[in-house]
Structure formats: C-alpha cells, structure tokens
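J.: Every letter in the sequence shown is one number past the one before it in UniProt numbering, and letter 228, counting from 1, is 228. Starting off with a structure, shown below.
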Amino acid sequence: MTEHHILVVEDEAAIREMLHLSLKKAGYVVSEAADVRQAKALIYNQAPTLILLDWMLPHVSGIEFARQLKKEPQTQQIPIIMLTAKGDESDKVRGLEVGADDYITKPFSPRELIARIKAVLRRSSSVQQENQQLSIKELQLDPAEHRVLIKGEEVQIGPTEFRLLHFFMKNPERVYSRSQVLDQVWGGNVYIEERTVDVHIRRLRKILAEYQYEHLVQTVRGVGYRFSIRE
C-alpha cells in the first residue's frame, strides 16, 4: 500500500500512544502533537495525508484549528477526522460544518478507526483526482476553477461540453461508444437519446476548431469516439 502519513493531535499521552500503535500496526506513518502549536510545526515541515484531531485541546480547540486549516490554501485539502467525547448530534454537525471529513466518538475501537480512515482517504483520493488539472499540448482544463485554456487564452465553453472535454482528457486514446459516453458524462440514471452525444461532440469540435484543435476529438466509424493527439 502507499505510505500514508497520519498526524495525531491529542493532548492525552495515553490516547496518543494507543492511536500511534494502532495506526503503525495498520501500516501508516504516524506523527504526534499534544497541541495546536506542535501540530502547526509538524504540518509546516511535512504535510500529512490525514489529521486525527481531538476536539478538546489546550489553548486552541480542535474545532477552531480545523476551521483554520480549511481556510488556508496549503492545508484545506488535508482530510480531518475529529476525535471527541461529545456525542450530541449538534456537536457532530458543528464539526462537519467547519470542514471535518468525519467524526468519531470516544471510546472507539481501533478497527472502527482504521475503517473510517480508509473510507476518508478513498473519498479524498477520488476528489483530488476529479479536481486534478489536465493538460494536453497547449490545451488546459482546470476542474476546480471550471476553466479551459488554449494557448493561454480562456475558452468560452458550456457546462455539458466542459464535462465532455473533462471526460475525454482523463481518458485519452481510448474508444468509447455513445452509450458509454452517456453513462460517464450524463450519468446512468438519465434517459437521453444517444444522438445527443453527437450534437455535443459537434459543439465541442466547433469550440476547439477556433484554435485548430478539433482533430483531437475523433470519430471511430461504427464504434464511437476517441480523444487522441495522434493524427
């Protein structure tokens, strides 16, 4: 498995030790901090893959620290699991509202904790992949900002053509049938005629044609479409 680095921010030494042993046994690299000051220093030196953050910390609370982390561009993508003895639904909602990705109430079993960590990391990885900037030649697509640039110039593109281009750029050189494109771009639960794909392909090509890039979207006779840099 890929080495994931978990930062444990917990002021009780016995709980930190228990978490460290459980996480290390599960194959994670672990760092420990007793308060927010120590946590900030560790994050500055090496950003962790995920933070286990106790709600009740001295000086600065875990909930306030989570709020700070989610405001900073350098740390806002790091997933956070709140650890707390507070079991009320209102507390859980408050934790999630400041940006925590999950919430686990003490006491908890190591198995439950590891399962929660794996689930959060899977979700985080999926989101990061979806938001990853894509670039082919001088064509750039930024999903997070919903922008397309060609040769440094921003391209005006509709939402459906944007999703279509995003899908193709993530999967270059592969051939997809109309039904496969429909499932991937429009979703499997939506009923739309397959010819709708052709209409949006034409629109996408027309947009790309203004920059002599229409050849990237290729028709494969009798099969479907392919996005390719090969002529």
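Heads up, the beta-carbon is just placed ideally off N, CA and C, and yes, glycines get one too. For clarity, every value in this text was computed on a predicted model and none was experimentally measured.
(1) Would you mind giving the Cβ-Cβ distance between alanine 33 and leucine 7, rounded to the nearest angstrom? I have them listed as a contact below 8 Å.
(2) Below 8 Å on the Cβ atoms is my contact criterion, and I expect isoleucine 117 with isoleucine 81 to pass it. Report the Cβ-Cβ distance as a whole number of Å.
(3) Give me the Cα-Cα distance between glutamine 46 and proline 79, rounded to the nearest whole angstrom.
(4) Measure how close the beta-carbons of arginine 174 and arginine 230 come, nearest whole angstrom, since I'm counting them as under 8 Å.
(5) Going by the beta-carbon positions, is the gap between threonine 84 and aspartate 35 smaller than 9 Å?
(6) What are the start and end residues of each continuous beta strand (DSSP E) run of 3 or more residues lying completely inside the UniProt domain "OmpR/PhoB-type" (131–229), in chain order?
(7) Leaving out five residues before and five after histidine 20 in sequence, what residues of the same chain have Cβ atoms less than 8 Å from its Cβ?
(8) Opposite histidine 5 in the DSSP bridges: which residues?
(9) For the UniProt domain "Response regulatory" (5–121), which segments carrying the alpha helix (DSSP H) assignment without a break, of at least 4 residues, lie completely within its bounds, in sequence order?
(10) Work out the CA separation of alanine 26 and leucine 164 for me, nearest whole Å.
(11) Can you list, in chain order, the residues of its chain whose CB lies under 7 Å from that of lysine 106, leaving out five sequence neighbours each side?
T.: This is what the structure holds:
(1) 7 Å
(2) 7 Å
(3) 15 Å
(4) Contact doesn't hold; Cβ gap of about 12 Å is too wide.
(5) no
(6) 134–136, 139–142, 147–150, 217–220 and 224–227
(7) Val8, Val30 and Glu32
(8) Val29
(9) 13–25, 36–45, 62–71 and 89–97
(10) 39 Å
(11) Leu83, Thr84 and Ala85
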